[in-house]
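Please read the structure below before turning to the comments.
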Amino acid sequence: MSPVTAGVLQMLALIAALALAYRPLGDHMARVYSSEKHYRPEKWIYKVIGANPSAEMRWPAYLRAVLAFSAVSVLFLYLMQRIQGSLPGSLGFSSIDPDQAFNTAASFVANTNWQSYYGEQAMGHVVQTGGLAVQNFVSAAVGMAVAVALVRGFSRSRTGELGNFWSDLVRGTVRILLPISVIGAIVLVACGAIQNFAGIHEVGQFMGGTQQWNGGAVASQEVIKELGTNGGGYFNANSAHPFENPTPFSNLFEVFLILVIPFAMTRTFGRMVGNLRQGYAILATMGVIWIGFTALMMWTEFAHHGPAFEVSGGAMEGKETRYGIAASSIFSVATTLTSTGAVNSFHSSYTGLGGGIQLLGMQLGEIAPGGVGSGLYGMLIMAIIAVFIAGLMVGRTPEYLGKKISTREIKLAACYILITPALVLCFTAAAMALPTPGNSMTNSGAHGFSEILYAYTSGANNNGSAFAGLNADTQWFNSTIGIAMLLGRFLPMVFVLALAGSLAEQQPVPETAGTLRTDKPLYAGLLVGTILIITGLTYFPALALGPLAEGLAS
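So the sequence shown is numbered by the working numbering: it starts at 3 and just counts up by one.
Quick look at the structure:
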């Protein structure tokens, strides 16, 4: 069997698995966020935090709860790292430096999981499991809660109330993320991923010396890392490490975990707004972009340019031989089109055009299918922009799901799509203009520029993967990428929740013969075009200086 055929079969198997999970998981999530019943463990949590889960919140109160919870999470995780040397189970590791502790705290709370350190050489068991793994759960639940709040904005009328953040947070964690994670961890352990609290021990011989490895609760952290589209790894090699990702089956299973909730949330959306066809239209848009990007990535990496590529069958540099080019390409596209950032190969070693595909996937806003929650609300923002453009074409007031898209709504949507590119391009320009940050680049020319552009694109879009050629453990990068991660996560949420509140206050308008049908293939095509055009106009000059220049020169 040829490697290309094997890649196609893996894609078909992945699509089949996602299709089987789509309906039951999507319906389950809709019931979770629509139910008025509170389970006993959830009531205990509400009592501890002093929250009333039945109290409805308008968008300013919902936003304050999101920001307050996230601020406390950043402080808690920062302090845990700063006192690691005094904690039990630290494996003898010292406390984390202030700038790196800030960067890591911001990273995991913002659902980015950017790591400027070697996980197995810096973090002990308590910080890994009690700090980082906990944030993997709750940061994902925060994104899902904000997405559900926006969906309620479409489904409700003349109220302005968007539900209760604390209820959405707890339910998303307890009823969705935890049960799937338990099952997923068992699957990974069965595949060979480790799950223990072993200390550091020496193994084998390596270039005249011994290697040191430490154990850990890897399988449980690995599953929520992928399921919650968090990224980050227990080990520096991430999902290329055999302790995290032992077999080709576990590799495909991890890709499934990355994609299953973001895709299934489109059915949750359709169920909650009372029109499943609307969910299918969003699903089709996401699916077309995901499959298209995967096909392009395989083509760039399998294309033969020179004797070395011909001998190896493609661009094998930086790729794990257990998986090969096809599985690495599938994983790479899945992780950059979502806000996951996990890697089973080194993105810096991809071809110039392959690296450009990874960058473009993040620059789309990670909406195909995107992160848990963030992918859905990002796509719905783009859906509003597409409706607005269609309205301008025919001279009609745009409507989406029975809600008018007026000046207020389009301003909020525009602010949402502008904030992340502004962060990426401004920080990249500053890093390239100042003398010190450039010293962190291990490559010059177009590839060196791509390292910087990739770092800020990954941080501001809350992805967390890296080009692997940049020394980001400096005060400049720890601080600026940390700021980019926080602003890139929470500023867009301000506009999403404000938009949700504005939509919820409206009275639905009746559908007429002139209403644009947003559940048809024509609209899905318009939406795909809108996404690609907006991103292209925003990022094309920067991409031309980096991956496009490198790809055309090779």
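The beta-carbon is built from N, C-alpha and C at its ideal position, and this holds for glycine as well.
Query                                                                                                                                                                                     : Result
With distance defined between alpha-carbon atoms, name the residue in 15, 10, 483 nearest to residue 117.                                                                                 : 483
Within 10 angstroms of the Cβ of residue 446, are there 16 or more other Cβ atoms? Answer buried if so, exposed if not.                                                                   : exposed
Assuming residue 368 and residue 346 make a contact with CB atoms under 8 Å, what is their CB distance in whole Å?                                                                        : About 18 Å; that fails the 8 Å criterion.
From residue 48 to residue 204, what does the alpha carbon distance come to, in whole angstroms?                                                                                          : 45 Å
Are residue 370 and residue 257 touching if we call contact CB-CB under 8 Å?                                                                                                              : no
How do the stretch 350 to 365 and the stretch 465 to 477 stand: do at least 3 beta-carbon pairs fall below 8 Å, yes or no?                                                                : yes
Specify, as a first and last residue, the run of the alpha helix (DSSP H) that residue 321 falls within.                                                                                  : Looking at the DSSP string, residue 321 is not in any alpha helix (DSSP H), and its letter there is neither H nor E.
Output the residue ranges of the alpha helix (DSSP H) runs that lie fully inside the stretch 113 to 161 and measure 4 residues or longer, sorted by chain position.                       : 135 to 157
Of the choices 189, 14, 4, whose alpha-carbon is the least far from that of residue 332?                                                                                                  : 14
Which full runs of the alpha helix (DSSP H) of 4+ residues lie inside the stretch 212 to 280, going along the chain?                                                                      : 220 to 229, 250 to 275
Using a Cβ-Cβ cut-off of 6 Å (strictly less than) and excluding sequence neighbours within five positions of residue 82, which residues of its own chain qualify?                         : 129, 133
Evaluate the contact criterion for the stretch 63 to 74 versus the stretch 162 to 177: three or more CB pairs, one atom per stretch, below 8 Å.                                           : yes
Just the C-alpha distance for residue 200 and residue 28, rounded to the nearest angstrom, thanks.                                                                                        : 38 Å
Would DSSP call residue 163 helix, strand or coil?                                                                                                                                        : strand
If you draw a straight line from the alpha carbon of residue 479 to that of residue 279, how long is it in whole angstroms?                                                               : 44 Å
Could you name the residues of the same chain whose beta carbon sits closer than 6 Å to that of residue 320, not counting the 5 residues immediately before and after it, in chain order? : 347, 348, 351
Taking 8 Å as the limit between beta carbons, can you name the residues of its chain near residue 59, skipping five residues before and five after?                                       : 67, 163, 164, 165, 166, 167
Counting along the chain, where does the alpha helix (DSSP H) carrying residue 20 start and finish?                                                                                       : 5 to 36
Consult DSSP for residue 472 and reduce its assignment to one of helix, strand or coil.                                                                                                   : strand
What did DSSP end up calling residue 2 once you bin it into helix, strand or coil?                                                                                                        : The chain is shown from 3 up to 556; residue 2 falls before or after that span and cannot be answered.
How is residue 495 classed by DSSP in three states: helix, strand or coil?                                                                                                                : helix
Terminal residues of the continuous alpha helix (DSSP H) containing residue 409?                                                                                                          : 409 to 435
Would you mind stating whether residue 1 and residue 271 have Cβ atoms separated by less than 8 Å?                                                                                        : Because the chain here runs from 3 to 556, residue 1 falls outside it and cannot be looked at.
How many angstroms separate the CA atom of residue 412 from the CA atom of residue 84?                                                                                                    : 43 Å
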